[in-house]
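Participant: Protein chains in written order, with the working numbering: chain A, -13 to 166; chain B, 100 to 530.
Using N, Cα and C, we set each Cβ at its ideal position, and we do this for glycine too.
Just so we're clear, the structure is a prediction, and the values are computed from it rather than from any experiment.
Set out below in structure tokens:
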């Protein structure tokens, strides 16, 4: 499975791809997820070797030690986190944003851009709503707690795998105190 | 592009380790000092690379509405914007082994080998192609074929609306547009979507595709049609698949008759797909000596995938009009044009075992289909009898080695022609 990490800062600065059907900008997505936030603080996370091993052991290939998320704040109080990521759907990149509550549970999933000829259905609100409330203890697997979309199987699997990875990374960062 | 980030990680890991060394040995040797200098050099190189990346990011034009605060964020990894390829190579293939009741007829075949590419010209326009070789070798003395399976331009009118023009797969049934071996159960494609719907069925023309937030995907367009004037009444090909024997595949296709089609698929509830399609078009292409006749094909289909189950059902029916006039000249031949042909199947699969991307899914499928359900009246003694309905039960297993490679095995039992009973083994891939 081919995947690429989109750092928050670059995703905010430029269109997520030279070739993309953009539905939402990163700014629009984080405002949608945390409408009450008055600021978003960029936070870089670097997983150490032990954390990377812990991820792999739990069946989540880590892909990168370096992650950037945004801490949503209101009047200085943290509300949750936003992570922007990209995965390959069937042939091309899908850029998506995951909003997480302070306890690490998924608050919202938004598809920012989708490029392929088929499989647009991962954008459907009903499919994305399945992720709400999922956390590091959830299976987060298509065919288990996430229903597939017929005709968009690979897009569903790869976005689900991506969300599972993000939930696990944020969970590790929370537990290590990196999000203090 | 990833090297700076990796070396930074290595340098940071090493730098955390260095103080511990210093505590363990108060007087470092020359060798240790040299190593530390190397480590510091590596750190410095990594930091320089990171700074360069940040400068590049800062130089990127700021689109309207971007958050200025984000410009200060750390960005240790590269963005895909500059590296995402405009051209993607695609492929799928099927290598099958069929062992029927009479083992002398057993056969191994490179059923399909397909190469394709998708290329983006700009953010709204792409070309999608597939070139297929069937049966391993295509030559004057071999039965293989080389076919352009898809070749169309897709242009995005709006984020959820697109137009396609060229040679495209018809949005019919469950299999026609998603026909890669990793997408269906069983070594061979099901009979209903082979004998009634001539998968892989493509036509040339113009197609609109709309994706709506309520879960509806609507497709409609104008295309080339079938060519009933090439019906071969002396061959049995028309009895195996009436439409496959008269499809044109945009190979010097007669273009007198323009067909219209529409399809609606609803996926508003996760795991559920309900859909249907309709195609209708004249099919004698204004050829002299042939009465005008229309071919209509429609289908209804459903697929439900609750947890580990994968349940699907499909009914398809085809009709030809004015077949009495077309069948009169060749009357007495074994295969006349049917007025109606149809079929249905139900299928159930269950993912019994998974380990990462690996998955073992047994399945069972029941199909009933009839390629000559009814013939137009040609008069006593001349009207062909309706063909008997074939019933096929398929039981087997798909083993996915990963998301792209599948190994399949199944047993097929035919009610009508027991000699067709067979064991199938298949290897397939798709990427």
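(1) Please report the straight-line C-alpha distance between residue 170 of chain B and residue 63 of chain A, rounded to a whole angstrom.
(2) At the 8 Å Cβ level, is residue 173 of chain B part of the contact set with chain A, yes or no?
(3) Measuring only the C-alpha atoms, how far is residue 99 of chain A from residue 30 of chain A?
(4) Mind pulling the beta strand (DSSP E) runs of 3 or more residues that sit fully within the stretch 64 to 139 of chain A?
(5) Using a cut-off of 8 Å between C-beta atoms, extract the partners of residue 500 of chain B located in chain A.
(6) According to the neighbour-count rule (16 or more other Cβ atoms, all chains shown, within 10 Å of its Cβ), is residue 180 of chain B buried or exposed?
(7) Could you tell me the alpha carbon to alpha carbon distance between residue 48 of chain B and residue 331 of chain B, rounded to whole angstroms?
(8) Measuring CA to CA, which of A/102, A/94 and A/60 is closest to residue 189 of chain B?
(9) So residue 348 of chain B and residue 301 of chain B are supposed to be a Cβ contact under 8 Å. How far apart are they, rounded?
(10) Which of the three DSSP states is assigned to residue -11 of chain A in this structure?
(11) Does residue 106 of chain A have its Cβ less than 8 Å from a Cβ in chain B?
(12) Contact criterion: CB-CB distance below 8 Å. Does residue 406 of chain B meet it with respect to chain C?
(13) Taking CB distances under 8 Å as the criterion, tell me whether residue 280 of chain B reaches chain A.
(14) Between residue 227 of chain B and chain A, is the shortest Cβ-Cβ distance under 8 Å, so that the two count as touching?
(15) Leaving out the 5 sequence neighbours to the left and right, which residues in its chain are closer than 7 Å to residue 266 of chain B when beta-carbon positions are compared?
(16) Which of the three DSSP states, helix, strand or coil, is assigned to residue 505 of chain B?
(17) With H, G and I counted as helix, E and B as strand and the rest as coil, what does DSSP make of residue 419 of chain B?
(18) When DSSP labels each residue in this structure, what does residue 368 of chain B get in the three-state scheme?
(19) When you compare the CB of residue 193 of chain A with every CB in chain B, is at least one pair closer than 8 Å?
(20) How about residue 168 of chain B: is its C-beta nearer than 8 Å to some C-beta of chain A?
(21) What do you get for residue 83 of chain A, buried or exposed, if any count of 16 or more other CB atoms within 10 angstroms of its CB means buried?
(22) Can you name the residues of chain A whose CB is closer than 7 Å to the CB of residue 189 of chain B?
(23) Compute the Euclidean distance between the alpha carbons of residue 263 of chain B and residue 518 of chain B, then round it to the nearest angstrom.
(24) Would residue 137 of chain A count as contacting chain B if we go by Cβ distances under 8 Å?
(25) Looking at the unbroken alpha helix (DSSP H) that takes in residue 337 of chain B, where does it start and where does it end?
(26) Do the CB positions of residue 459 of chain B and residue 414 of chain B come within less than 8 Å of each other?
(27) Quick test of your reading: residue 340 of chain B and residue 293 of chain B, contact by CB under 8 Å. State the CB separation rounded to the nearest angstrom.
(28) Between the stretch 302 to 313 of chain B and chain A, which residues of the former have CB atoms less than 8 Å from a CB of the latter, in chain order?
(29) Under 8 Å between C-beta atoms, does residue 45 of chain A make it to chain B?
(30) Using a Cβ-Cβ distance under 8 Å, would residue 82 of chain A count as near chain B?
(31) Please list the partners that residue 130 of chain A has in chain B, where partner means a Cβ-to-Cβ separation under 8 Å.
(32) Please list the residues of the stretch 439 to 468 of chain B that have a C-beta atom closer than 7 Å to any C-beta atom in chain A, keeping them in chain order.
(33) Would you check if the distance between the CB atom of residue 438 of chain B and the CB atom of residue 407 of chain B is smaller than 8 Å?
(34) Can you find the residues in the same chain that come closer than 6 Å, C-beta to C-beta, to residue 159 of chain A, ignoring five residues on each side of it along the sequence?
Facilitator: Straight from the coordinates:
(1) Counting from 1 along the second chain, the entry for residue 170 of chain B is found at position 71. Counting from 1 along the first chain, the entry for residue 63 of chain A is found at position 77. Here the model assigns residue 170 of chain B a pLDDT of 30, short of 50, so the residue's position is not dependable, and the following value carries that caveat. Their Cα atoms are separated by approximately 22 Å.
(2) Residue numbering aside, residue 173 of chain B sits at position 74 when the second chain is read from its first letter. Since pLDDT at residue 173 of chain B reaches only 30, below the 50 mark, its modelled position is unreliable, and the value read off the structure follows with that caveat. For residue 173 of chain B, the nearest beta carbon of chain A is closer than 8 Å to its own beta carbon.
(3) The sequence position of residue 99 of chain A within the first chain is 113, counting from 1. The sequence position of residue 30 of chain A within the first chain is 44, counting from 1. Cα to Cα, residue 99 of chain A sits roughly 23 Å from residue 30 of chain A.
(4) As far as the stretch 64 to 139 of chain A is concerned, its whole beta strand (DSSP E) runs of at least 3 residues are 79 to 87 and 92 to 100.
(5) Here residue 500 of chain B is taken as the residue at index 401 of the second chain, counted from 1. Around residue 500 of chain B, no beta-carbon contact reaches into chain A at under 8 Å, the shortest distance being about 13 Å.
(6) Within the second chain, residue 180 of chain B is the residue found at index 81, counting from 1. Confidence at residue 180 of chain B is low in this model, with a pLDDT of 43, below 50, so its placement is unreliable and no value can be given for it.
(7) Past the edges of chain B, shown from 100 to 530, lies residue 48 of chain B, and the structure says nothing about it.
(8) Here residue 189 of chain B is taken as the residue at index 90 of the second chain, counted from 1. Of A/102, A/94 and A/60, the residue nearest in Cα terms is A/102.
(9) Locating residue 348 of chain B in the second chain gives position 249, where the first residue counts as 1. Locating residue 301 of chain B in the second chain gives position 202, where the first residue counts as 1. Residue 348 of chain B to residue 301 of chain B, Cβ: 6 Å. Contact.
(10) For the purposes of this step, residue -11 of chain A is taken as residue 3 along the first chain, with counting starting at 1. Here the model assigns residue -11 of chain A a pLDDT of 36, short of 50, so the residue's position is not dependable, and the following value carries that caveat. Here residue -11 of chain A sits in strand by DSSP.
(11) One-based indexing of the first chain puts residue 106 of chain A at position 120. Output row for residue 106 of chain A: interface = yes.
(12) Protein chains in the displayed structure are A and B, and chain C is not among them.
(13) Looking up residue 280 of chain B in the second chain gives position 181. No, because no Cβ of chain A sits closer than 8 Å to the Cβ of residue 280 of chain B.
(14) One-based indexing of the second chain puts residue 227 of chain B at position 128. Yes, contact with chain A.
(15) Taking the second chain and counting its residues from 1, one reaches residue 266 of chain B at position 167. For residue 266 of chain B, where only same-chain residues beyond five positions count, the Cβ hits under 7 Å are 247, 249, 250, 251, 301, 303 and 349.
(16) Numbered from its first residue, the second chain carries residue 505 of chain B at position 406. DSSP places residue 505 of chain B in strand when its eight states are reduced to three.
(17) Residue mapping note: residue 419 of chain B aligns to position 320 of the second chain, counting from 1. Residue state, collapsed to three classes: strand.
(18) For the purposes of this step, residue 368 of chain B is taken as the residue at position 269 of the second chain. Correct three-state label for residue 368 of chain B: coil.
(19) Residue 193 of chain A is absent from the structure shown; chain A starts at -13 and stops at 166.
(20) Along the second chain, one-based indexing puts residue 168 of chain B at 69. Confidence is the limiting factor: at residue 168 of chain B the pLDDT is only 31, short of 50, which leaves the residue's position unreliable and the question unanswerable from this model.
(21) Here the question's residue 83 of chain A lines up with position 97 in the first chain. So residue 83 of chain A counts as buried.
(22) As a working mapping, residue 189 of chain B is identified with position 90 in the second chain. Close partners of residue 189 of chain B in chain A (Cβ separation under 7 Å): 77.
(23) As a working note, residue 263 of chain B is residue 164 in the second chain. As a working note, residue 518 of chain B is residue 419 in the second chain. If I take the Cα positions, the gap works out to 44 Å.
(24) For the purposes of this step, residue 137 of chain A is taken as the residue at position 151 of the first chain. Interface residue, yes.
(25) Residue 337 of chain B sits at position 238 when you count from the first residue of the second chain. 336 to 339 is the extent of the alpha helix (DSSP H) around residue 337 of chain B.
(26) Locating residue 459 of chain B in the second chain gives position 360, where the first residue counts as 1. Locating residue 414 of chain B in the second chain gives position 315, where the first residue counts as 1. Not a contact, by the Cβ cut-off of 8 Å.
(27) For this step, residue 340 of chain B is matched to residue 241 along the second chain. For this step, residue 293 of chain B is matched to residue 194 along the second chain. Indeed, because the Cβ distance is near 6 Å, the residues count as touching under 8 Å.
(28) Identification of residues in the stretch 302 to 313 of chain B having a C-beta nearer than 8 Å to some C-beta of chain A yields 310 and 312, given in sequence order.
(29) Here residue 45 of chain A refers to the residue found at position 59 of the first chain. Yes - at least one Cβ of chain B is within 8 Å of the one on residue 45 of chain A.
(30) For the purposes of this step, residue 82 of chain A is taken as the residue at position 96 of the first chain. Answer no: the Cβ-Cβ gap between residue 82 of chain A and chain B never drops below 8 Å.
(31) Along the first chain, read from residue 1 onward, the residue named residue 130 of chain A stands at position 144. The contact set of residue 130 of chain A on chain B, defined by CB atoms closer than 8 Å, consists of 406 and 407 in chain order.
(32) Shown in chain order are the members of the stretch 439 to 468 of chain B whose Cβ falls below 7 Å from a Cβ of chain A: 450 and 455.
(33) Position 339 of the second chain, counting from 1, holds the residue named residue 438 of chain B. Position 308 of the second chain, counting from 1, holds the residue named residue 407 of chain B. Not a contact, by the Cβ cut-off of 8 Å.
(34) Position 173 of the first chain holds residue 159 of chain A. The beta carbon of residue 159 of chain A sits closer than 6 Å to the beta carbons of 31 and 165 from its chain, once the five residues preceding and following it are set aside; these are given in chain order.
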